[in-house]
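First comes the structure, then the notes that go with it.
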Amino acid sequence: MSKEVELEIKDLAYGGQGVGRTEEGKVCFVADVIPGEKVVVRMIREKRDFSEAELVEVQEASQDRVVPPCEYFGRCGGCAYQHLAYPAQLLAKWNQVGVALRRIGGFSDFEVQPVVPAPQPYYYRNRITVHTREGITGFYDRSGRRVMDIRRCLIASEPVNQALAEYRGRRPFDGVRTLSSGESTGFRQTNDSVAILLLEEVAKQAGCGKLLIDAYCGSGFFAKRLRGQFEQVIGLEWNERAVAAAKTDLLPNETYLQGDVSELLPSALAQVGDDASVLLVDPPAQGLAPQVVRSILEQPCKRIVSVSCNIATLARDLKKLAPLYELTTVIPLDMFPQTAEIEIVAVLEQR
Ligand SMILES: C[S@@+](CC[C@H](N)C(=O)[O-])C[C@H]1O[C@@H](n2cnc3c(N)ncnc32)[C@H](O)[C@@H]1O
20 MSKEVELEIK DLAYGGQGVG RTEEGKVCFV ADVIPGEKVV VRMIREKRDF
70 SEAELVEVQE ASQDRVVPPC EYFGRCGGCA YQHLAYPAQL LAKWNQVGVA
120 LRRIGGFSDF EVQPVVPAPQ PYYYRNRITV HTREGITGFY DRSGRRVMDI
170 RRCLIASEPV NQALAEYRGR RPFDGVRTLS SGESTGFRQT NDSVAILLLE
220 EVAKQAGCGK LLIDAYCGSG FFAKRLRGQF EQVIGLEWNE RAVAAAKTDL
270 LPNETYLQGD VSELLPSALA QVGDDASVLL VDPPAQGLAP QVVRSILEQP
320 CKRIVSVSCN IATLARDLKK LAPLYELTTV IPLDMFPQTA EIEIVAVLEQ
370 R
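One rule links them: number in my numbering = place in the sequence shown (from 1) + 19.
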């Protein structure tokens, strides 16, 4: 039988794992715990610098511990924080943003604004991706190896749960399927009510000016909101359907170019000049490609508004831009309550 040890939880790392130290001083990661708790854990993996364990018993529970409402929580790979009261989730995410910007980004003098809460901490997802393996339909478990039989997802909206019930009723073949509420043309922000808050925050931070470049623009979610604030708007996106959707309802000051941002950005930035122009970037989780960073350093813009769903790659990219740009504002938004994910808006000003 694997070794059981007592731990005091000191922190919640990005990803949702609690962090404690064994008697020997080795860092130990364990899920489903809360800072301040005293717990018994069972070692499941011993590495040279850290170990991983599973929770056996909570000896002294945090006041922030709540009963997870979902029957699959703890096994399903989707949620990390259902055992944590919602205000404590926001605080944990706020802390993780600061840690990543310090440790990965190398920043020391910055302020992270309080995390913008989600109006609905449950039933918010407008789409889910489900897998069918050997006749079982649902989400991967925490190990990522097994598909769990999921009848209902408490973070998915009611229409998405209805779509899940209908899909399961059809006894699908093995494969992957995205179930969503409403039509989608390419990328769509996952949480509609937080997407509105994000849109308004980005509009506020972008301000107004001559040229807005919306890189990774999808179907123009931000560009459409901002086209009234800028003399000219250029959207860059490689998804054909998203660009076609952006091109419907076009005003004379809007242009959408289809292709790789790495290739399209230099000529868009060449139009910036000395005027008050803004570059908006909302890349996928992998962050900015090295060529994109190079372009932004070679042809600077007065202000960059960076939207990201991955604090690690955001911190890495901001570090590369730091020689030329000052990080002035960091606003996390809770786009994905109960899960480990964080959406962040960061604003950079040319030095
Ligand atoms: C996080 S989404 C943001 C979309 C949009 N800003 C929105 O809020 O709806 C990232 C977008 O970048 C696009 N994309 C990813 N890599 C790209 C690349 N190298 N060049 C152009 N577009 C890219 C994806 O198709 C996707 O639409």
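Cβ atoms here follow ideal geometry from the backbone N, Cα and C, with glycine treated the same way.
Since the model is a prediction, treat every value here as computed from it, not as a measurement.
Approximately 18 Å separates the beta-carbon atoms of Gly34 and Leu26; this is outside 8 Å, ruling out the contact. The three-state secondary structure of Ser81, taken from DSSP, is coil.
DSSP places Arg40 in the strand class (E or B) of the three-state scheme. If you check the CB distance, Ser70 and Arg61 do not come in under 8 Å. Considered as a whole, the stretch 67-127 harbours 69-79 as its complete beta strand (DSSP E) runs of no fewer than 3 residues, in chain order.
Bounds of any beta strand (DSSP E) do not take in Ile174, whose DSSP letter is neither H nor E.
The stretch 334-346 makes contact with the stretch 126-137; the number of CB pairs closer than 8 Å reaches 3 or more. In this structure, the CA atom of Leu217 is about 22 Å from the CA atom of Val118. For Asp168, the number of other beta carbons within 10 angstroms of its own is below 16, and it is reported as exposed. Looking only at Leu269, Ile330 and Gln369, the smallest Cα-Cα distance to Phe240 is reached by Leu269. Taking the CA atoms as reference points, Val297 sits about 47 Å from Phe192. Non-local beta-carbon contacts of Glu56 in its own chain, meaning distances under 7 Å to residues more than five positions away in sequence, involve Ile28, Val77, Glu79, Ala80 and Ser81 in chain order. Proximity to Gln101 across Arg190, Asn114 and Phe355 peaks at Phe355, based on C-alpha coordinates.
Proximity to Asp211 across Ser281, Arg146, Lys266 and Ala32 peaks at Arg146, based on C-alpha coordinates. Here Ala308 has Ser281 as same chain residues with Cβ atoms under 6 Å from its own Cβ, once five neighbours each way along the sequence are excluded. Of the candidates Ala334, Ala359 and Gln357, Ala334 places its Cα closest to the Cα of Val366. Cα atoms of Lys321 and Leu283: separation of roughly 19 Å, rounded to the nearest angstrom. Under DSSP, Asn210 takes part in a beta bridge, and its partners are Arg144. For Gln277, the beta-bridge partners assigned by DSSP are Glu256. By a beta-carbon distance limit of 8 Å, Ala111 contacts Leu31. Their separation comes to about 5 Å.
Distances taken from the Cβ of Pro302 to the heavy atoms of ligand 1 include one shorter than 7 Å. When only Cα atoms are considered, Asp294 and Leu346 end up about 20 Å apart. By alpha-carbon distance to Gly292, the top candidate from Gln115, Gly228, Val59 and Ala50 is Gly228. With a cutoff of 8 Å on beta-carbon distance, Gln277 and Val262 are scored as near each other. About 13 Å separates the Cβ atoms of Val349 and Val221, ruling out a contact at the 8 Å cut-off. Cβ neighbours of Ala107 within its own chain (closer than 6 Å, five residues either side excluded): Asp83. Shown here, Val300 sits in a strand according to DSSP, grouped into three states.
Counted as a single uninterrupted DSSP element, the stretch harbouring Asp336 is not any beta strand (DSSP E) but the alpha helix (DSSP H) occupying residues Ile330 to Leu340.
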